[in-house]
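When you line the sequence shown up against UniProt numbering, it's residues 1 to 257, in that order.
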Amino acid sequence: MNVPDALLTMWTQWLVAAARFGGALALMPALAVPQVPPLARSVVVLGAALAGVAFVPPVNADTPAALVFVLVREAVIGILIGMTFAAFVWLWEWVGELADWQVGFGFAALADPVMGTRVAIIARAATLLAGVSFFQLGGHHLLLRTVAESYRLLPVGTTLRFTPQLGEAWFNLLAQGFVTALPLIVPTLGAVLLIDLVLGLMGRAAPQVGVLLWGMPARVIVCLFVTATALTAMPSLAERLLNRLVTAIPSLLAALR
Numbered sequence: 001m002n003v004p005d006a007l008l009t010m011w012t013q014w015l016v017a018a019a020r021f022g023g024a025l026a027l028m029p030a031l032a033v034p035q036v037p038p039l040a041r042s043v044v045v046l047g048a049a050l051a052g053v054a055f056v057p058p059v060n061a062d063t064p065a066a067l068v069f070v071l072v073r074e075a076v077i078g079i080l081i082g083m084t085f086a087a088f089v090w091l092w093e094w095v096g097e098l099a100d101w102q103v104g105f106g107f108a109a110l111a112d113p114v115m116g117t118r119v120a121i122i123a124r125a126a127t128l129l130a131g132v133s134f135f136q137l138g139g140h141h142l143l144l145r146t147v148a149e150s151y152r153l154l155p156v157g158t159t160l161r162f163t164p165q166l167g168e169a170w171f172n173l174l175a176q177g178f179v180t181a182l183p184l185i186v187p188t189l190g191a192v193l194l195i196d197l198v199l200g201l202m203g204r205a206a207p208q209v210g211v212l213l214w215g216m217p218a219r220v221i222v223c224l225f226v227t228a229t230a231l232t233a234m235p236s237l238a239e240r241l242l243n244r245l246v247t248a249i250p251s252l253l254a255a256l257r
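Here it is in structure tokens:
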């Protein structure tokens, strides 16, 4: 093998590694936000791919079309891994939005010209705390380690099969993750139910008091206090959720074979 052939082989291995690592890192929490410059994302992906070349064997791609097919297949595997880690933030945002609509903050999410998104107060706080917890728990290290270990479960060149078992495994993962994150807002939902019950009884007993006039501000204040208290339990819930997501990845990858 002459020098150009050796360089071509290394270049191909690097591209294949960049496809899988890039697909996963493209959805990693905090790196996938629009505020991160594309150049910074590219540097992270290319650096991770350089370290991941050791896991990629020489690729037999005789034509450019064959190489593109291999790259697409590797990117699909990386995206599946990245979606699993991105679900760590998605689940916290979902439970936060559920609490927002129950408290009454959901209407503020319909018009947010400052953030340019439709995330309300509690969901925004839960999302930011989830991003911090992800790095505090070493989620970025777990993601890179998971991508490296995925070469053992799905080596380069493995034929992917999109079976119903993959959708079932993904649905079970989200359901179990939602159940894990739901205790964060159970106190808030309980407070909303209790306040609505009290306001309903007061409005029934004394209609002249004007429950709607002061009931909504009181409801917001109480729910904010309860939610702030409940957020102290988020680190332990976040660790449990991240561990559950990581342990479910092998079953997701196995469903592709």
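The beta-carbon is built from N, C-alpha and C at its ideal position, and this holds for glycine as well.
If I measure Cβ to Cβ from Ala255 and keep anything under 7 angstroms in the same chain, skipping five residues before and after, which residues do I get?
Residue numbering aside, residue 255 sits at position 255 when the sequence shown is read from its first letter. If we look at Ala255 and ignore the five residues flanking it on each side, its Cβ neighbours are Thr163, Gln165, Leu166, Ala169.
When DSSP labels each residue in this structure, what does Asn172 get in the three-state scheme?
Against the sequence shown, residue 172 aligns to sequence position 172. The answer is helix: DSSP assigns Asn172 an H, G or I state.
Taking just the CA atoms, how far does Val222 sit from Ser251?
Within the sequence shown, residue 251 is the residue found at index 251, counting from 1. Within the sequence shown, residue 222 is the residue found at index 222, counting from 1. Those two C-alpha atoms are separated by around 42 angstroms.
Report the rounded CA-to-CA distance for Trp90 versus Leu174, giving the unit in angstroms.
Within the sequence shown, the letter at position 90 stands for residue 90. Within the sequence shown, the letter at position 174 stands for residue 174. Cα to Cα, the separation comes out at about 10 angstroms.
Whose C-alpha, out of Leu98, Leu153, Leu8, Gln13, is nearest the C-alpha of Leu50?
The residue labelled residue 50 in the question sits at position 50 within the sequence shown. Nearest option by C-alpha distance: Gln13.
Taking Val43 as the reference, which of Thr63, Phe21, Pro58 has the closest Cα?
Sequence index remark: in the sequence shown, residue 43 carries index 43 (1-based). Closest by alpha carbon: Phe21.
Can you tell me whether DSSP reads Gly200 as helix, strand or coil?
Position 200 of the sequence shown, counted from the first residue, corresponds to residue 200. Gly200 sits in a helix when the DSSP states are folded into three classes.
Are the region 55–64 and the region 117–135 touching by the rule of at least three beta carbon pairs closer than 8 angstroms?
Counting C-beta pairs with one atom in each stretch, the region 55–64 and the region 117–135 have fewer than three that are closer than 8 angstroms, which means they do not touch.
Using a Cβ-Cβ cutoff of less than 6 angstroms, which residues in the same chain neighbour Glu74 once the five nearest sequence positions on both sides are dropped?
In the sequence shown, counting from the first residue as 1, residue 74 sits at position 74. Val16, Ala19, Arg20, listed in sequence order.
Could you give the residue range of the alpha helix (DSSP H) that holds Ile122?
Here residue 122 refers to the residue found at position 122 when the sequence shown is read from its first residue. Where Ile122 is concerned, the enclosing alpha helix (DSSP H) stretches over 121–136.
How long is the line joining the alpha carbons of Leu193 and Gly200, rounded to whole angstroms?
Counted from its first residue, the sequence shown places residue 193 at position 193. Counted from its first residue, the sequence shown places residue 200 at position 200. Cα to Cα, the separation comes out at about 10 angstroms.
Going by C-alpha to C-alpha distance, which of Met216, Pro183, Pro155 sits closest to Leu197?
On the sequence shown, residue 197 is found 197 positions in, with the first residue counted as 1. Of the candidates Met216, Pro183, Pro155, the one whose C-alpha sits nearest the C-alpha of Leu197 is Met216.
If you count every other CB in all the chains shown that lies within 10 Å of the CB of Gln35, and 16 or more means buried, which is it?
One-based indexing of the sequence shown puts residue 35 at position 35. Its Cβ having fewer than 16 others within 10 Å, Gln35 is exposed.
Tell me, to the nearest whole angstrom, how far the beta carbon of Gly177 is from that of Ala30; I am working on the premise that it is less than 8 angstroms.
Counted from its first residue, the sequence shown places residue 177 at position 177. Counted from its first residue, the sequence shown places residue 30 at position 30. So it is not a contact: roughly 18 angstroms between Cβ atoms.
Indicate the three-state DSSP secondary structure (helix, strand or coil) for Ala32 in the structure shown.
Taking the sequence shown and counting its residues from 1, the one referred to as residue 32 is at position 32. In this structure, Ala32 counts as coil in the three-state DSSP scheme.
Report buried or exposed for Gly138, applying the criterion of at least 16 other Cβ atoms within 10 angstroms of its Cβ.
Position 138 of the sequence shown holds residue 138. Exposed, because fewer than 16 other Cβ atoms sit within 10 Å of the Cβ of Gly138.
Hey, out of Leu144, Ser150, Thr159, Val45, whose CA is closest to Val70's CA?
Locating residue 70 in the sequence shown gives position 70, where the first residue counts as 1. Minimum Cα distance to Val70 is reached at Thr159.
What is the C-beta distance between Ala238 and Ser133, in whole angstroms, given that I count them as a contact (C-beta under 8 angstroms)?
Working through the sequence shown from its first residue, we reach residue 238 at position 238. Working through the sequence shown from its first residue, we reach residue 133 at position 133. Right, their Cβ atoms sit about 4 angstroms apart.
Quick one: is Met10 buried, meaning 16 or more other Cβ sit within 10 Å of its Cβ, or exposed?
Numbered from its first residue, the sequence shown carries residue 10 at position 10. That one is exposed.
I need the straight-line Cα distance from Ala191 to Gln102, nearest angstrom please.
To locate residue 191, count along the sequence shown from 1; it is residue 191. To locate residue 102, count along the sequence shown from 1; it is residue 102. Going from the Cα of Ala191 to the Cα of Gln102 covers about 10 angstroms.
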